[in-house]
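Working notes, beginning with the structure itself.
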Amino acid sequence: AQRVTQPEKLLSVFKGAPVELKCNYSYSGSPELFWYVQYSRQRLQLLLRHISRESIKGFTADLNKGETSFHLKKPFAQEEDSAMYYCATFQGAQKLVFGQGTRLTINP
Amino acid sequence: DAGVIQSPRHEVTEMGQEVTLRCKPISGHNSLFWYRQTMMRGLELLIYFNNNVPIDDSGMPEDRFSAKMPNASFSTLKIQPSEPRDSAVYFCASSIGTVNQPQHFGDGTRLSIL
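Structure representation (C-alpha cells):
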C-alpha cells in the first residue's frame, strides 16, 4: 500500500535559516503527493501538490523518483512558518494517507 | 465560500454519553471524509462518502462509531457510548469527487471525554 514517512517529528531552526522537511514515499507508479500545513489550533490547509510545481509562501517541493522523496524546502525561514506539516499521498483513488507530521519551530 | 463547516468546535462530555459531530461540506463537493487526529496516531481516516454513499469505513475503530450522510450537504459522526480514549480532534474534509483531487478541511471538533 502507498504510504509516506516523515522521519522527523520535531524540527527547530532559526529565523532566516534554510528549512527542509523530509518526506519519503513508497509507491511503484507515479504518486500524487501533497504537503498540508496546520497552524496552531487551525484547520489543515493544502500547501503544495507536486503536479502544480508552484511555490507557496516561499515553500517548494520537488518530487525525486530516484530517492522516492518529496521534501519541502524554504530558503529563509520566517517565524510565521512555525506549524505542523504533513506529507500525504493517495492510497487508491481518493483515500488520502498522511505521514506522522513534523512540528516545525522557527526560533527568533 | 465558507469552506467546510463543522460543529460543535468543542465538546466535553462524560463517558457513556452519546456524542454527535456534524459537518457541512463545500457546496458542489461530492466526497466527504471524516478523520481523527491524536498525538499518538496522527491523522487517521475513519470513513469517506461519495455521493452520500459510504465507500470505505475500514478506519472506523469499532461499532461504537457510526457515520451517516443523509444528503449532499450534511454528515454526522456519532459515538455511542463514548469513552475517554475517544478524546481527539475530529476533522471533516470534502473534495470534488474525481480521482486525486485535494481535500479541504474544516476547523475540526475538539472532543474531550471525561
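Protein chains in written order, with this note's numbering: chain A, 1 to 108; chain B, 1 to 114. We put the CB at the ideal spot given by N, CA and C, even for glycine. The structure presented is a predicted model; accordingly, all values stated were derived computationally and were not measured.
Can you give me the start and stop residues for the beta strand (DSSP E) that residue i sits inside?
i, result
"A/Ala65", "It should be noted that the sequence gives Lys, not Ala, for residue 65 of chain A. Counting along the chain, A/Lys65 falls outside any beta strand (DSSP E), and DSSP gives it neither H nor E."
"B/His10", "10 to 13"
"B/Asp56", "53 to 56"
"A/Met84", "83 to 91"
"B/Asn30", "Element bounds for B/Asn30: n/a, residue is neither H nor E."
"B/Tyr115", "With chain B covering only 1 through 114, there is no way to say anything about residue 115 of chain B."
"A/Gln38", "33 to 38"
Could you check the C-alpha separation between residue i and residue j for me, to the nearest Å?
i, j, result
"A/Thr68", "B/Ser75", "37 angstroms"
"A/Leu10", "B/Gly42", "14 angstroms"
"A/Glu80", "B/Ala72", "36 angstroms"
"B/Glu62", "B/Leu111", "17 angstroms"
"B/Lys24", "B/Lys68", "12 angstroms"
"A/Arg43", "B/Val89", "10 angstroms"
"B/Ile5", "A/Ala61", "30 angstroms"
"A/Gly16", "B/Gly3", "33 angstroms"
Between residue i and residue j, how many whole angstroms is the CB-CB distance? I'm expecting something under 8 angstroms.
i, j, result
"B/Pro84", "B/Met15", "6 angstroms"
"A/Lys74", "A/Pro18", "7 angstroms"
"B/Phe49", "B/Ser31", "7 angstroms"
"B/Asn52", "B/Gly97", "Their Cβ separation, rounded to whole angstroms, is 11 angstroms, which puts B/Asn52 and B/Gly97 out of contact at 8 angstroms."
"B/Val19", "B/Lys78", "7 angstroms"
Going by beta-carbon coordinates alone, are residue i and residue j separated by less than 8 angstroms?
i, j, result
"B/Ile47", "B/Gly59", "yes"
"A/Leu72", "B/Pro102", "no"
"B/Leu21", "B/Phe33", "no"
"A/Ser12", "A/Thr89", "no"
"B/Arg9", "B/Asp107", "yes"
"A/Ser26", "A/Gln2", "yes"
"A/Gly101", "A/Gln6", "yes"
"A/Phe70", "A/Leu33", "yes"
Pick out whichever of the options has its Cα sitting closest to the Cα of residue i.
i, options, result
"A/Glu8", "A/Leu48, A/Gln78, A/Cys87, A/His50", "A/Cys87"
"A/Tyr85", "A/Phe14, A/Lys22, A/Gln94, A/Gly16", "A/Lys22"
"A/Tyr36", "A/Gln91, A/Pro108, A/Ala83, A/Gln94", "A/Ala83"
"A/Pro31", "A/Gln38, A/Ser55, A/Gln91", "A/Gln91"
"A/Gln78", "A/Gln38, A/Glu20, A/Gly99, A/Pro108", "A/Pro108"
"B/Ile55", "A/Ala93, A/Arg49, A/Ile51", "A/Ala93"
"A/Phe14", "A/Phe59, A/Gln38, A/Phe76", "A/Phe76"
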